[in-house]
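Novice: Handing you a structure now.
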Amino acid sequence: MPFLEQLSPTQQFLLFSTLKIVAAIFLVLLPMVAYSVLAERKISAFIQDRVGPNRVGPFGIWQPLADGLKSFLKEDFTPAHVRKVYFWLAPALSLIPAFLTVAVIPFGSFLGKQKMVIADLNVGILYTFGIVSLGVYGIVLAGYAANSKYPFLGGIRSSAQMISYEIAMGMSVIPVFMLVGDLNLSQVINYQSGGAWLVFKQPVSFFIFLVAAFAETNRLPFDLPESETELVGGYHTEYSSMKFALFFMAEYANMITSSAMMVTLFFGGWTLPFGGLDQPASTLAGGLVHIGIFLGKIVVLMVVFIWVRWMLPRFRYDQLMDLGWRRFIPVALANILATAVVLWLQGAK
538 MPFLEQLSPT QQFLLFSTLK IVAAIFLVLL PMVAYSVLAE RKISAFIQDR
588 VGPNRVGPFG IWQPLADGLK SFLKEDFTPA HVRKVYFWLA PALSLIPAFL
638 TVAVIPFGSF LGKQKMVIAD LNVGILYTFG IVSLGVYGIV LAGYAANSKY
688 PFLGGIRSSA QMISYEIAMG MSVIPVFMLV GDLNLSQVIN YQSGGAWLVF
738 KQPVSFFIFL VAAFAETNRL PFDLPESETE LVGGYHTEYS SMKFALFFMA
788 EYANMITSSA MMVTLFFGGW TLPFGGLDQP ASTLAGGLVH IGIFLGKIVV
838 LMVVFIWVRW MLPRFRYDQL MDLGWRRFIP VALANILATA VVLWLQGAK
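Take 538 as the starting number for the sequence shown in my numbering and just add one per residue.
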């Protein structure tokens, strides 16, 4: 294109990076967040033998738009007793980390000459865990800012829960990078394109990561920070209107980014082990197919998130902590040691 040829390499990089950010957030992540809520309501209705949303548009497909409009039009009420600055800041702090995590996830191979990743960092996984750890501040601030007992208990629960399971989650991926030999997420996908997906080589790592993802996203059976049977609504009890919707969006955005991370680490990313779909695309159509494969795998894992919510009862808090500290961390350590021994034996040969 003549316009692109007139730009310097730096200007081209900035242009394509901006386009990828806009596409990833506004054309992929936000629509997936909206329709994940609809999928949750439809699947739960199916499990409970109900109809579910079916009034707004054919099969209820415009329900997310109606819900979004309702959130903007509802009264934005701020109780008099809250700490206002923190009260307003907390919803944004919950949502932003989920969007930032998307930057390092390779959601395709190539589209034209552009790699389908916003920032192909050599330490992509370290960036991911660093950003994810910021999400707890939004929930803790919400509980503190509400200046009320139930929200405060929800915030305290969330801080202990997310810190505990971040340790297990971080340790679970160490064997993966021991096998790959690189912290770059694109290299993780390249490693899997030449052989079996890492879910088959590291099933223990995948299981720990999956369960920790439920705890990190505050999903049932680990939704203790907002347990309605004990804490009314937990950390977001005092919120209404769009502020409450931001917490709601943050939960689903975190589910999507967790699913995307599991697809990248354990399910081959944009690859499929047949039809030549395990190699980088050389055409525009091939690049779009790879993006479709990646999104399709995310959808499957999102259904798992939703299905588990309606199948398992909520854990008690002591059971949650016991599982994280006394079960998962020792198992993750043993898995690291076993992987190191296997790699040492292979190297000795």
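Beta carbons are placed, not taken as given, at the ideal position from N, Cα and C, and that holds for glycine.
No experiment lies behind these values; they were computed from the predicted model shown.
So, with DSSP's three-state summary, where would you put Lys611?
Specialist: coil
Novice: Evaluate Ser933 with the Cβ neighbour count: other Cβ atoms within 10 Å of its Cβ, from every protein chain shown; 16 or more gives buried, anything less gives exposed.
Specialist: Absent from the model: residue 933. The displayed extent of the chain is 538 to 886, so no value can be given.
Novice: Checking the sheet assignment: what are the DSSP bridge partners for Gln651?
Specialist: DSSP, once it has assigned bridges, lists Leu648 as partnering Gln651.
Novice: Which first and last residues belong to the alpha helix (DSSP H) in which Thr665 is found?
Specialist: 661-669
Novice: So, helix, strand or coil for Ser545, using DSSP?
Specialist: DSSP places Ser545 in coil when its eight states are reduced to three.
Novice: Around the Cβ of Leu882, are there at least 16 other Cβ atoms within 10 angstroms (buried) or fewer (exposed)?
Specialist: The residue in question, Leu882, is exposed, as its Cβ has fewer than 16 Cβ neighbours within 10 Å.
Novice: Less than 7 Å between the C-beta atoms of His618 and Asn721, yes or no?
Specialist: no
Novice: How would you call Glu765, buried or exposed, if buried means at least 16 neighbouring beta carbons within 10 angstroms?
Specialist: exposed
Novice: If the criterion is Cβ atoms closer than 7 Å, does the pair Ala818 and Phe647 meet it?
Specialist: yes
Novice: At what residues does the alpha helix (DSSP H) containing Arg578 begin and finish?
Specialist: 567-584
Novice: Between which residues of its own chain and Ile584 is the CB-CB distance below 7 Å, once the five residues before and five after are set aside?
Specialist: Trp847
Novice: Using 10 angstroms around the beta-carbon of Gln600, count the other beta-carbons present and answer buried if the total reaches 16, otherwise exposed.
Specialist: buried
Novice: Using only the alpha-carbon positions, how far apart do Ala797 and Tyr623 sit?
Specialist: 30 Å
Novice: Where does Arg864 sit, in a helix, a strand or coil, going by DSSP?
Specialist: DSSP, read as helix, strand or coil, puts Arg864 in helix.
Novice: Could you name the residues of the same chain whose beta carbon sits closer than 8 Å to that of Val800, not counting the 5 residues immediately before and after it, in chain order?
Specialist: Gly806, Phe831, Lys834, Ile835, Leu838
Novice: Taking 7 Å as the threshold (C-beta atoms), are Pro740 and Thr876 in contact?
Specialist: no
Novice: Return yes when at least one heavy atom of the ligand FAD lies under 6 Å from the C-beta of Ala617, else no.
Specialist: As far as ligands go, the structure on display features none, and thus does not contain the ligand FAD.
Novice: Could you tell me the boundaries of the alpha helix (DSSP H) in which Phe842 lies?
Specialist: 821-846
Novice: Nearest CA to the CA of Gly605: which residue from Phe785, Phe804, Val841, Ala871?
Specialist: Phe785
Novice: Candidates Leu857, Leu566, Gly675: which alpha carbon is nearest Phe890's?
Specialist: Given that the chain is displayed from residue 538 to residue 886, the structure contains no residue 890 and the question cannot be resolved.
Novice: Is the beta carbon of Val673 less than 7 Å from the beta carbon of Ser701?
Specialist: no
Novice: Assess, as a yes-or-no matter, whether the stretch 773-783 is touched by the stretch 626-638 under the definition of 3 or more beta carbon pairs within less than 8 Å.
Specialist: Flag = yes, the stretch 626-638 and the stretch 773-783 touch.
Novice: Please check the pair Val654 and Val669, which I expect to be a contact at CB under 8 Å, by giving their CB distance rounded to whole angstroms.
Specialist: 17 Å between Cβ atoms; not a contact.
Novice: Please report the straight-line C-alpha distance between Phe596 and Val845, rounded to a whole angstrom.
Specialist: 24 Å
Novice: When burial is assigned at 16 or more other CB atoms within 10 Å of the CB, is Thr820 buried or exposed?
Specialist: exposed
Novice: Do the CB positions of Ile745 and Phe865 come within less than 7 Å of each other?
Specialist: yes
Novice: Under 7 Å between the Cβ atoms of Leu658 and Tyr664?
Specialist: yes
Novice: Phe609 to Leu825, Cα distance in whole Å?
Specialist: 34 Å
Novice: How long is the line joining the alpha carbons of Lys652 and Leu690, rounded to whole angstroms?
Specialist: 44 Å
Novice: Let me make sure I understand the geometry here. Which of Ser723, Tyr728, Met708 has the alpha-carbon closest to that of Leu716?
Specialist: Tyr728
Novice: Do Ala635 and Ala790 have their C-beta atoms closer together than 7 Å?
Specialist: Taking 7 Å as the cut-off, the Cβ atoms of Ala635 and Ala790 count as close.
Novice: Answer yes or no: do Ser778 and Asp586 have a C-beta to C-beta separation smaller than 7 Å?
Specialist: no
Novice: Decide if Lys611 is buried, meaning its Cβ has at least 16 other Cβ atoms within 10 Å, or exposed.
Specialist: exposed
Novice: Give the secondary structure of Phe852 by DSSP, where H, G and I count as helix, E and B as strand, and everything else as coil.
Specialist: coil
Novice: Can you look up Ile598 in the DSSP assignment and give me helix, strand or coil?
Specialist: coil
Novice: Mark Asn591 as exposed unless 16 or more other C-beta atoms lie within 10 angstroms of its C-beta, in which case mark it buried.
Specialist: exposed
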